[in-house]
Amino acid sequence: MASKLRPVVSVMVTLAVLFAAAGAALIGTGRLSWLSILISVTAVVYLAVAFVAAAILRTRPRSRTGWIFLVSGTAAPVAAALTAAADIGAHTGRIDAASWIYVVQTPFSLLSVPVMATFGILLFPDRRLDTRRRRVLGLVFAVDLLVLLVWALLTPDPVAVAGLYNPIAVPGADGLVISILLFGPLSLLACVSLWRFARRDTGPYAPALRTAARVSFVVPASYFACVIAGFTSGDTAPIAVLENCAAIAVGAAAWIGIARHGLFDTRAVLNRALVYGFLSLALVAVYLVAVVSLGLVFGGLVPQVVAAVMAALAVLPLRDLVQRRINQLVYGLRDDPAAAFARLGDRLDAAGAPEDILPAAVRTVAEALRLPYVAIEAGGEVLCRHGRALPGQTQALPLPFAGETIGHLMLQTRSGGDFSADERRLLADLTKQVAVAARAVVLTQALQSSRQRLVTTREEERRRLRRDLHDGLGPTLAGIALGIDTVRRATPPDGSLAELLTRLREATESAVDDIRRLVYDLRPPILDELGLAGAVREQAVRLGVASIDVPEALPSLPAAVEVAAYRIAVEALTNAVRHAPGTPVSVQLAVNSRLELSIADGGAGLPDGYRAGVGLNSMRERAAELGGVCVVRRRDPCGTLVRAEFPLFEEAL
Numbered sequence: 001m002a003s004k005l006r007p008v009v010s011v012m013v014t015l016a017v018l019f020a021a022a023g024a025a026l027i028g029t030g031r032l033s034w035l036s037i038l039i040s041v042t043a044v045v046y047l048a049v050a051f052v053a054a055a056i057l058r059t060r061p062r063s064r065t066g067w068i069f070l071v072s073g074t075a076a077p078v079a080a081a082l083t084a085a086a087d088i089g090a091h092t093g094r095i096d097a098a099s100w101i102y103v104v105q106t107p108f109s110l111l112s113v114p115v116m117a118t119f120g121i122l123l124f125p126d127r128r129l130d131t132r133r134r135r136v137l138g139l140v141f142a143v144d145l146l147v148l149l150v151w152a153l154l155t156p157d158p159v160a161v162a163g164l165y166n167p168i169a170v171p172g173a174d175g176l177v178i179s180i181l182l183f184g185p186l187s188l189l190a191c192v193s194l195w196r197f198a199r200r201d202t203g204p205y206a207p208a209l210r211t212a213a214r215v216s217f218v219v220p221a222s223y224f225a226c227v228i229a230g231f232t233s234g235d236t237a238p239i240a241v242l243e244n245c246a247a248i249a250v251g252a253a254a255w256i257g258i259a260r261h262g263l264f265d266t267r268a269v270l271n272r273a274l275v276y277g278f279l280s281l282a283l284v285a286v287y288l289v290a291v292v293s294l295g296l297v298f299g300g301l302v303p304q305v306v307a308a309v310m311a312a313l314a315v316l317p318l319r320d321l322v323q324r325r326i327n328q329l330v331y332g333l334r335d336d337p338a339a340a341f342a343r344l345g346d347r348l349d350a351a352g353a354p355e356d357i358l359p360a361a362v363r364t365v366a367e368a369l370r371l372p373y374v375a376i377e378a379g380g381e382v383l384c385r386h387g388r389a390l391p392g393q394t395q396a397l398p399l400p401f402a403g404e405t406i407g408h409l410m411l412q413t414r415s416g417g418d419f420s421a422d423e424r425r426l427l428a429d430l431t432k433q434v435a436v437a438a439r440a441v442v443l444t445q446a447l448q449s450s451r452q453r454l455v456t457t458r459e460e461e462r463r464r465l466r467r468d469l470h471d472g473l474g475p476t477l478a479g480i481a482l483g484i485d486t487v488r489r490a491t492p493p494d495g496s497l498a499e500l501l502t503r504l505r506e507a508t509e510s511a512v513d514d515i516r517r518l519v520y521d522l523r524p525p526i527l528d529e530l531g532l533a534g535a536v537r538e539q540a541v542r543l544g545v546a547s548i549d550v551p552e553a554l555p556s557l558p559a560a561v562e563v564a565a566y567r568i569a570v571e572a573l574t575n576a577v578r579h580a581p582g583t584p585v586s587v588q589l590a591v592n593s594r595l596e597l598s599i600a601d602g603g604a605g606l607p608d609g610y611r612a613g614v615g616l617n618s619m620r621e622r623a624a625e626l627g628g629v630c631v632v633r634r635r636d637p638c639g640t641l642v643r644a645e646f647p648l649f650e651e652a653l
């Protein structure tokens, strides 16, 4: 921004903040009408227009739209504060002073929403009066605003504050009210022009532009409503309320553009406005307190001079403290790297599971620099993200580890622009810490994936071995046993051969028993006979479970998942029957995106300070092997709940 224009913008934004704060503070006096309270609150919402204007003028100091926004965003809080002051004067009986204050606020009222509703909408976002139609429309806007100003200054009846009079009223000025009748249609033409432009736009800010175009139609709608209310009721209060609808709509649209669509980076503007606004309030407060206190003792100019010196001495050391606090509020921990590292370390230490580490890291980076979007990308895949990406380019910072780049930290500022030097230094140090965490998580995930594949392959092989033993070796041994019986029946019972055949028969039966035991150890036969759903239901019925919610059939599941879920179900049901006899036990089995198993009983629940035994640890280990989780906890109001979840085949691998 040009050096001559920067102070002007800073002063106007600071004035907007101060007058909005003053209007809000006057609400606490308890002497404002409900209409004045509404106007003061509207001014606070409308501050967003001034912030957007300052952000535009920082990059485009000659922007017509920026200056229109700045004038409108500053005039609205000034008008609201003066209206509140006039209202207090009317309530305290100072009619003359209040009436003049209301006259003074009139031009500011017309410079706020009316200017925004005409030229602001017509030129938004950076258009010009470059066609004959727009030039004609701009000329008509200017004439109508001028007539509206003359009418507002000379009309006998103040609109917003009852009981006042217009000290400069001119008889017959009410005839200029036609300017209000024209204002709605003229504003509607500007909205139609903006909507046609927004529909043709295909840039990154097209969604925000269309949002602004839609909201702009609230402005002419509010003025049409004002005209209808004026002709039907004759009361000025509804008219003022309806006018505020336009201001609230424009202010809300500006906030949406800042927060949701990232139209402008208003942090620098907000920082400066808050700092100078707070210091100005502190200066005025110290000065007033000192003047009143010293005025009780001294006379003349002594209280004013001493109060001015005291205010200056009090504000100067306060500036650095205020600046640091406001910087932290607006920019995060950019100026305090040690605090950023400490917060990152605390978040990583508090992460209880590997899958919580990277989300904690990106959340800390986003909070440390007040960024709208942070993500970690590795191998062409986004591992985690925080926030929502705004329109514009996302910056990628490499994550270095052991001399190689293991991924990238994807970042975005609110304006889509570059980072400052301080922010880049902090990010360079933070990325090193995040890289270590990301590498650990990637290795952990690879190890877990390898473990899952190993367990899955093992169980599939066990299922194949069980089938081969059951269908191949088992029948073969049974056939040998039958052959031995045939030979033994044909042999004299008292010979040595009969004794040998008996021993062979016993050995064969023992081998068959060993095969059966081996087959069961490899995989419970009931799973192949009934499936997981049938096996769990069979076990629950056998143990007398009260409530069974198990589907008739489940989709095809990996052998490892079936075995682990069945073993956990058997162990949990056995524990429920053993430790909570006679209480109702419920079993639920379902498949959504994961296989979910829950078993609950109505017993006394887990005792305080209990230590998990072999059974509970075994259940947790079976779930962890497959990337799942098994939780055993107390159940409200009483009892114990065992809940296990398993990823399905694609997720498990």
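Residue numbers (full-length UniProt numbering): 1 to 653.
Beta carbons are placed, not taken as given, at the ideal position from N, Cα and C, and that holds for glycine.
Keep in mind that this is a model prediction, so the values were computed, not measured.
Using a Cβ-Cβ cut-off of 6 Å (strictly less than) and excluding sequence neighbours within five positions of residue i, which residues of its own chain qualify?
i, result
"Ser109", "Ala79"
"Leu358", "Ile376, Leu383, Cys384 and Val441"
"Glu650", "Confidence in Glu650 is poor, its pLDDT being 46 and thus under 50, which makes the residue's placement unreliable; the coordinate value appears in the next sentence. Cβ neighbours of Glu650 beyond the five flanking positions: none."
"Phe224", "Gly184"
"Leu314", "The sequence given here has Ala at residue 314, not Leu. For Ala314, where only same-chain residues beyond five positions count, the Cβ hits under 6 Å are Val286."
"Ala311", "Leu283, Val286 and Tyr287"
"Glu645", "Arg594, Glu596, Gly628 and Val629"
"Met12", "Leu70 and Thr74"
"Ala307", "Tyr287, Ala290 and Val291"
Is residue i buried or exposed, if buried means 16 or more other CB atoms sit within 10 Å of its CB?
i, result
"Ile178", "exposed"
"Leu70", "buried"
"Pro114", "buried"
"Gly605", "buried"
"Leu321", "exposed"
"Leu209", "buried"
"Cys638", "exposed"
"Arg62", "exposed"
"Thr364", "buried"
"Val52", "buried"
Give the C-beta separation of residue i and residue j to the nearest angstrom, bearing in mind that I take them to be a contact with Cβ-Cβ under 8 Å.
i, j, result
"Ala21", "Leu279", "With 8 Å as the limit, Ala21 and Leu279 do not qualify as a contact, their Cβ atoms being about 13 Å apart."
"Ile599", "Ala572", "4 Å"
"Ala437", "Ala361", "5 Å"
"Leu595", "Leu648", "6 Å"
"Ala535", "Pro524", "7 Å"
"Asp144", "Leu188", "At roughly 13 Å, the Cβ-Cβ gap does not stay under 8 Å, so Asp144 and Leu188 are not in contact."
"Leu32", "Ile88", "7 Å"
"Ala50", "Ala98", "Not a contact, Cβ separation roughly 27 Å."
If you reduce the DSSP assignment to three classes, tell me which class residue i lands in.
i, result
"Ser72", "helix"
"Ser33", "coil"
"Ala98", "helix"
"Gly28", "coil"
"Gly531", "helix"
"Asp549", "strand"
"Val591", "strand"
"Phe51", "helix"
"Ala175", "Note that residue 175 corresponds to Gly in the displayed sequence, not to Ala. Helix at Gly175."
"Ile121", "helix"
"Phe646", "strand"
"Cys191", "helix"
"Asp601", "strand"
"Leu653", "Residue confidence is low: Leu653 scores 38 on pLDDT, short of 50, so the model does not pin down where it sits. Its coordinate-derived value is still stated next. Reduced to three states, the DSSP call for Leu653 is coil."
"Ala312", "helix"
"Ile484", "helix"
"Tyr165", "coil"
"Cys384", "strand"
"Cys638", "coil"
"Ala572", "helix"
"Thr202", "coil"
Going along the chain, which residues of its own chain have a beta-carbon closer than 7 Å to the beta-carbon of residue i, five neighbours each way excluded?
i, result
"Ile248", "Thr42 and Val45"
"Gly615", "Glu571 and Asn575"
Near residue i, which residues of its chain fall below 8 Å by C-beta distance, leaving aside the five closest residues on each side in sequence?
i, result
"Ile406", "Ala378, Leu399, Pro400, Ala435, Ala438, Arg439 and Val442"
"Ile580", "Per the sequence shown, the amino acid found at residue 580 is Ala instead of Ile. Excluding residues within five positions, the ones whose Cβ falls inside 8 Å are Asp601, Gly602, Gly603, Ala604, Gly639 and Thr640."
Would you say residue i reaches chain D, if we count a Cβ-Cβ gap shorter than 8 Å as a contact?
i, result
"Ala97", "Absent here is chain D; the protein component of the structure consists of one chain."
How about the region 550 to 558 and the region 570 to 585: do they share at least three Cβ pairs that are nearer than 8 Å?
no
Do three or more CB pairs link the region 73 to 92 to the region 10 to 30 at distances below 8 Å?
The region 73 to 92, when compared against the region 10 to 30, does touch it at the 8 Å Cβ threshold.
Decide yes or no for the touch test of the region 162 to 172 against the region 133 to 148: beta carbon pairs closer than 8 Å, at least 3 of them.
no
Cβ pair count under 8 Å reaching 3, the region 557 to 564 against the region 624 to 632:
Under the Cβ criterion (8 Å, minimum of three pairs), the region 557 to 564 counts as touching the region 624 to 632.
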